[in-house]
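First the structure, in the form of structure tokens, and then the observations on it.
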Amino acid sequence: MMVSMMQFRDLVVRSRSIRRFDESVAVKDGVLRGLVELACYVPSPKNLQPLKFIALSDPDRSRALFPLLSWAGYLADWPGPEAGERPSACIVMLGDTSIASEFSIDSGIAAEVIMLGAAAEGLGGCIIASIDRPALRSLLHIPDRYQILQVLALGKPLETVVIDQIGEGDPVSYYRDLNGVHHVPKRMLADILLDFSDDPS
Ligand SMILES: Cc1cc2nc3c(=O)[nH]c(=O)nc-3n(C[C@H](O)[C@H](O)[C@H](O)COP(=O)(O)O)c2cc1C
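Heads up: the sequence shown begins at 45 in my numbering, then just goes up one per residue.
Okay, here's the thing in structure tokens:
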């Protein structure tokens, strides 16, 4: 089935970072494996494909990982999702140092493709890079050969996120309003699409 540009744009716009979940809803292992499988088809510098993944669909294992993640730095008064609203599944993204030594481009591309897949599945989630890496390594017995890149926290979304269109110079910090709606400021096309053709220099 061909996806139209309108459908694809809608998926991209809808795929916002979600940090509160209905923890009682598990993510099926097959769904999680399907999301990781998307990463087999993304571009990779020199086609090295150095990323490896640990998929945790068991809510108890995700729960054990939860205290090692830091949530929403801009929401200073919010320590992260409370019990019952935590992610029920996680994907740990690793860089295999026997294949490459630099992973940032690979990990960015793969993380977003997986998050788009999650949105397509009706799930939500958040890319988390603020991680207690030594503790995570020890918890999951991750050998030194693998660099811990990010954790993708996933679950059934329990929060509303809206985009606030901002202009150049406006604050980029997200916030939560009195109704609990999460606002995420985004620059619009006019501010990111450049054209220097009339520049006399
Ligand atoms: C590489 C990367 C690392 C991130 N790390 C964290 C994190 O540690 N904790 C967190 O709550 N959000 C994290 N985020 C989510 C960003 O805060 C989020 O993308 C940003 O606020 C914009 O919201 P949006 O994803 O809905 O566009 C991260 C996002 C990216 C791309």
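Quick reminder that beta carbons are idealized off the backbone N, C-alpha and C, glycines included.
Item: Proximity test, residue 170 beta-carbon vs ligand 1 heavy atom, cut-off 6 Å; Value: yes
Item: Residue 157: CB within 6 Å of a non-hydrogen atom of ligand 3; Value: Within the structure as shown, ligand 3 is missing, the only ligands being ligand 1.
Item: Close-in-space but distant-in-sequence residues of the same chain around residue 83 (CB under 8 Å, 5 per side omitted); Value: 95, 97, 154, 157, 158
Item: For residue 139: DSSP bridge partner residues; Value: 95, 191
Item: Chain-order list of residues whose beta-carbon lies under 6 Å from that of residue 130 (same chain, five-residue window excluded); Value: 67, 110
Item: For residue 71 and residue 101, believed in contact at Cβ under 8 Å, the rounded distance; Value: 6 Å
Item: Distance between residue 103 and residue 190 (C-alpha atoms, nearest Å); Value: 24 Å
Item: The region 134–149 / the region 206–219 touching (three or more Cβ pairs under 8 Å); Value: no
Item: Ligand 1 heavy atom lying under 6 Å from the CB of residue 116; Value: yes
Item: Heavy atom of ligand 1 within 6 Å of residue 218 beta-carbon; Value: yes
Item: Where residue 133 sits in the DSSP three-state scheme; Value: strand
Item: Residue 189 CB to nearest heavy atom of ligand 1 below 6 Å; Value: no
Item: Given 8 Å, three or more beta-carbon pairs between the region 86–94 and the region 231–240; Value: no
Item: C-beta atoms of residue 59 and residue 160 nearer than 7 Å; Value: yes
Item: Beta-carbon proximity of residue 176 to residue 112, cut-off 7 Å; Value: yes
Item: N- and C-terminal bounds of the beta strand (DSSP E) containing residue 168; Value: 168–172
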